[in-house]
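Top to bottom, those sequences are chains A and B. Going by UniProt numbering, 219 is the number at position 219 of the first sequence; the sequence numbering is gapless. Going by UniProt numbering, 235 is the number at position 235 of the second sequence; the sequence numbering is gapless.
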Amino acid sequence: MQNEIKDVVVIGGGVVGTAILRKLSLYNLSIALIEKQPDVCEGASKANSGIIHTGFDAPPNSLEAKCLIRSRDLWPDYTEQLKIPYIPCGAIMVATDEDEKEIIEKKYIPNAKANEVEVEWMDRQEVLEMNPAVTDNVVGALSILGEAICDPFTATRAYAELAVINGAELLLGSGVTKITVTDDGFEIILENGREIKTNYIVNAAGVYSDHISRMIGDDSFTISPRKGQFILTEEEIDISQVILPVPTAKSKGTLISPVVFGGFLLGPTAEDQEDKEDNSTSEEGIEQVLHGCEKLIPGVRDYDSIRQFAGIRAVCSTGDYVIRPSEINKQFIHAAGIRSTGLSASPGIAEEVAEQLELVGLALNKKEDAKLEIPNLFDESEENVGEIICLCRTITRSEITNALEGPVPPTTIDGVKRRTGATLGECQGNCCIPKIIDILDEYKLIDELPLKGLQNSTIALKGGNQ
Amino acid sequence: MKYELVIIGAGLTGVEVALQAKKMGLESVLIVDYNDQFGGFNHSLLAEDAFEEEKNRMKKFKELPYEKWTNATVTGLFEAFGDGEHEINVQTKTGTFDIEAKKIIICSGALEKPREAHKIGGTRPAGVMTPTMALGLLDRGFLPGNQVVVYENSKTSRALSKLLENKGVQVTTVEANDYALHKVYGKSSLEKIEVKDKNNDEIESFQCDSLIFSEGFIPSTFYLKGTGIELNDKQFILTDSEGKTSVDNILAFGYCTDHNETSNETIEKSMKQLFIQS
Chain A
1 MQNEIKDVVV IGGGVVGTAI LRKLSLYNLS IALIEKQPDV CEGASKANSG IIHTGFDAPP
61 NSLEAKCLIR SRDLWPDYTE QLKIPYIPCG AIMVATDEDE KEIIEKKYIP NAKANEVEVE
121 WMDRQEVLEM NPAVTDNVVG ALSILGEAIC DPFTATRAYA ELAVINGAEL LLGSGVTKIT
181 VTDDGFEIIL ENGREIKTNY IVNAAGVYSD HISRMIGDDS FTISPRKGQF ILTEEEIDIS
241 QVILPVPTAK SKGTLISPVV FGGFLLGPTA EDQEDKEDNS TSEEGIEQVL HGCEKLIPGV
301 RDYDSIRQFA GIRAVCSTGD YVIRPSEINK QFIHAAGIRS TGLSASPGIA EEVAEQLELV
361 GLALNKKEDA KLEIPNLFDE SEENVGEIIC LCRTITRSEI TNALEGPVPP TTIDGVKRRT
421 GATLGECQGN CCIPKIIDIL DEYKLIDELP LKGLQNSTIA LKGGNQ
Chain B
1 MKYELVIIGA GLTGVEVALQ AKKMGLESVL IVDYNDQFGG FNHSLLAEDA FEEEKNRMKK
61 FKELPYEKWT NATVTGLFEA FGDGEHEINV QTKTGTFDIE AKKIIICSGA LEKPREAHKI
121 GGTRPAGVMT PTMALGLLDR GFLPGNQVVV YENSKTSRAL SKLLENKGVQ VTTVEANDYA
181 LHKVYGKSSL EKIEVKDKNN DEIESFQCDS LIFSEGFIPS TFYLKGTGIE LNDKQFILTD
241 SEGKTSVDNI LAFGYCTDHN ETSNETIEKS MKQLFIQS
């Protein structure tokens, strides 16, 4: 199989790349996905609000709005087939004075209409009934019923798992160093020296998609990293919906959202920077989040936080998604500039990319035995589920071993976290990581030294007590 | 399964309770603990010189004729109705057991609060860990790093510094009374930390590949949420000065309570009261 020529290689194992891989796995194609990190979901896909946006505020007629609209119809089936935790809680954009109400009426209601998103005005009393923690200053809110929250880890992984079940190859842990254009396709060289021949490439490399594009001499767009800092809290906040601010001319503002696997998220900031990997949090950033959020929900400043993190969004020089063949080589399709709605738009983006591939000559013939559903991997009624490994979150040994036996087994602690919820609690894994290392070792998933998440993120060195 | 007394947690407090139970002549006693060894999360430190008294306590505990389960975590607790028994669910390697207990003493302790709970800026690389995690790695034949900074604020962290030094690790200690952790650097692995002098706000930085840090505690009372046992707003068990919880015949001692450490005298006195009244 080593020298086989692939039909399509997807570069990038985030939510966009895996969604495309899933879509392509439904056809009679030989496909692979290349991800630099040891697991899928290691970039922007793991550090975001987890909201499935309707696109009510997306620029009308943009490609982003189009993909979001297409995705809306696909999500209900996807969440069921891929077993993605999903809560259709709706969102409200809270007006705290008459000026904000006017902005909602003049800008957001018409914008939502243009994107065919159902919205309605919610009066003050109803806002406070549904979300008692919201500020008393509220004059009312724009209710966007279609907004939902989901688990972005599961979404990304489940896309990859279904693709693998349908025969796709996942090449994890080694990034692309070189792409050579050949007579009928491309030759890709990986960091580990492996060569892969393919007829088509899909560039879904997130903040690095401009780098990948330049490897074939295409400099038609540039990606600027934009950092978003978040605060995660497990305090009880009396809200049942996503609470959005009314954006100002200067900033989109920070929101408060329930999280599907427990707790609440506050954030994000929007900080343009040069470094594509600097995901550090800062005192100023955290302060900005608290300052923004306390206008909507008083008291957030006093909440204990179990974790703060930042994600890097891929902001494109063109101002919109870039989903099209490269002008340098038509068999190279971009799925780039997916700014901050990648999770929400991923089903639609995958549809667009498949159509683009077909337009430039790829034959899409339905695979007869292609699966649409992730099988039930374990029986929850199983009596002996083993000891508790993660104390904070009450995660059992069998929940972890089931993840290790799945179609895309994790090889890192963060990989186990994203599949099981272990280490997500208050102690942040400090009590159970050694036990998880034991289990990974038992399943021979540790190469030499245990890794936290990224390439070279060794947790420990040889030389302890034993 | 039915016991006169179930002790939840076999850290140093739970072990003391078990020894006291023996002194009082109790026969039907079960003690359960999440860890794979007794003596608490940092049990492997007890072999060090600084823990002579604790070492003796553990030795006596091992000789007790009681049922002692490791890798056994309480996942549910249902307080008794009227004269009935309390019931707890204990999850173990071989299954989940429903256990009836006339009396329960909760000594499930607390976990170390990690860096993430303190809104300390910077990145989130591998190599930042609590003393418990560092000990867990040492037990498995690993070292946390070659150049380790230990934030010293407890007997545990100080003993750990010594232990690492003895293993040939280059250890830098930062005294918690004088310095606060300020910022963490490094993408995949830890490269540097900054600490802030509490007296003059000056920043100092240290190159390192591992940082051992914790400050404060998270009570291990996860299984008590939604039960009749009242917790305070930080989830510590509300007790009076003698360890009485809001539920009859259930006491709680040590770091899982709002009283932190419980003296051996208090344990003795309260346990005598608990068993004399019945």
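From the three backbone atoms N, C-alpha and C, an ideal C-beta is built for every residue, glycine too. These numbers come from a predicted model, not from an experiment.
Among the CB atoms of chain B, none fall inside 7 Å of the CB of residue 172(A).
Per DSSP, residue 434(A) has no beta bridge partner at all. Boundaries of the beta strand (DSSP E) harbouring residue 325(A): 322 to 325, taken from the DSSP string. Under the three-pair Cβ rule at 8 Å, the region 255 to 271 of chain A counts as touching the region 223 to 240 of chain A. Listed along the chain, the chain A residues whose CB falls inside 8 Å of the CB of residue 92(B) are 387. Beta-bridge pairing by DSSP links residue 38(B) to no other residue.
When beta bridges are read from the DSSP output, residue 217(B) appears opposite 112(B). The secondary-structure analysis by DSSP pairs residue 335(A) across a beta bridge with 323(A). Taken atom to atom, the span from the alpha-carbon of residue 186(B) to that of residue 192(B) is near 7 Å. Proximity of residue 143(A) to chain B, defined by a Cβ-Cβ separation below 7 Å, is not satisfied. If one requires a minimum length of 3 residues, the beta strand (DSSP E) runs lying completely within the region 155 to 230 of chain A are 169 to 172, 176 to 181, 186 to 190, 195 to 203, in chain order. Counting of Cβ neighbours within 10 angstroms places residue 261(A) among the exposed residues, the total staying below 16. Residue 359(A) counts as exposed, since fewer than 16 other beta carbons sit within 10 angstroms of its beta carbon.
For residue 119(B), the chain A residues whose C-beta falls within less than 7 Å of its own C-beta are 286, 305, 308, listed in chain order. Residue 272(B) sits in a helix when the DSSP states are folded into three classes. The Cβ of residue 421(A) sits no closer than 7 Å to any Cβ of chain B. Inside the region 272 to 324 of chain A, DSSP marks whole beta strand (DSSP E) runs of 3 or more residues at positions 307 to 316, from first to last along the chain. Looking at 90(B), 57(B), 16(B), 51(B), the one whose alpha-carbon comes closest to that of residue 33(B) is 90(B). Taking every protein chain shown into account, the CB of residue 203(B) has fewer than 16 other CB atoms within 10 angstroms, so this residue is exposed. Those residues of the region 240 to 274 of chain B placed with their C-beta closer than 8 Å to a C-beta in chain A do not exist. Linking residue 226(B) to residue 240(B) through their CA atoms gives a straight-line distance of about 20 Å.
For the region 427 to 447 of chain A, the set of residues with a beta-carbon nearer than 9 Å to any beta-carbon of chain B comprises 427, 428, 429, 430, 431, 432, 433, 434, 435, 437, 438, 441, in chain order. Residue 113(B) sits buried, since 16 or more C-beta atoms from the chains shown fall within 10 Å of its C-beta. Each residue's CA atom was taken as its position, placing residue 1(B) and residue 219(B) some 28 Å apart. In the DSSP annotation of this structure, the continuous segment of the alpha helix (DSSP H) that includes residue 19(A) starts and ends at 15 to 24. Residue 429(A) is not a Cβ neighbour of residue 420(A), given a cutoff of 7 Å. Sequence-distant partners of residue 400(A) (beyond 5 residues in either direction) whose C-beta falls short of 7 Å from its own C-beta, in its chain, are 389, 416, 420, 422, 436, 439.
The Cβ neighbour count for residue 141(A), taken over all protein chains shown within 10 Å, is at least 16; the residue is labelled buried. Three or more beta-carbon pairs separated by less than 8 Å link the region 59 to 71 of chain B to the region 4 to 22 of chain B, which places the two stretches in contact.
When 211(A), 63(A), 118(A), 24(A) are compared, the shortest CA-CA separation from residue 371(A) is found for 24(A).
Under DSSP, the beta-bridge partners assigned to residue 185(B) are 192(B).
Secondary structure at residue 17(B): helix, using DSSP grouped into helix, strand and coil. According to the DSSP assignment, residue 89(B) belongs to the beta strand (DSSP E) that extends over 86 to 92. Contact annotation: residue 21(A) and residue 10(A) have beta-carbon atoms nearer than 7 Å. At least one CB atom of chain B sits nearer than 7 Å to the CB of residue 282(A). Beyond the five residues adjoining it in sequence on each side, residue 10(B) comes within less than 6 Å, by CB distance, of 31, 33, 38 in the same chain, given in chain order.
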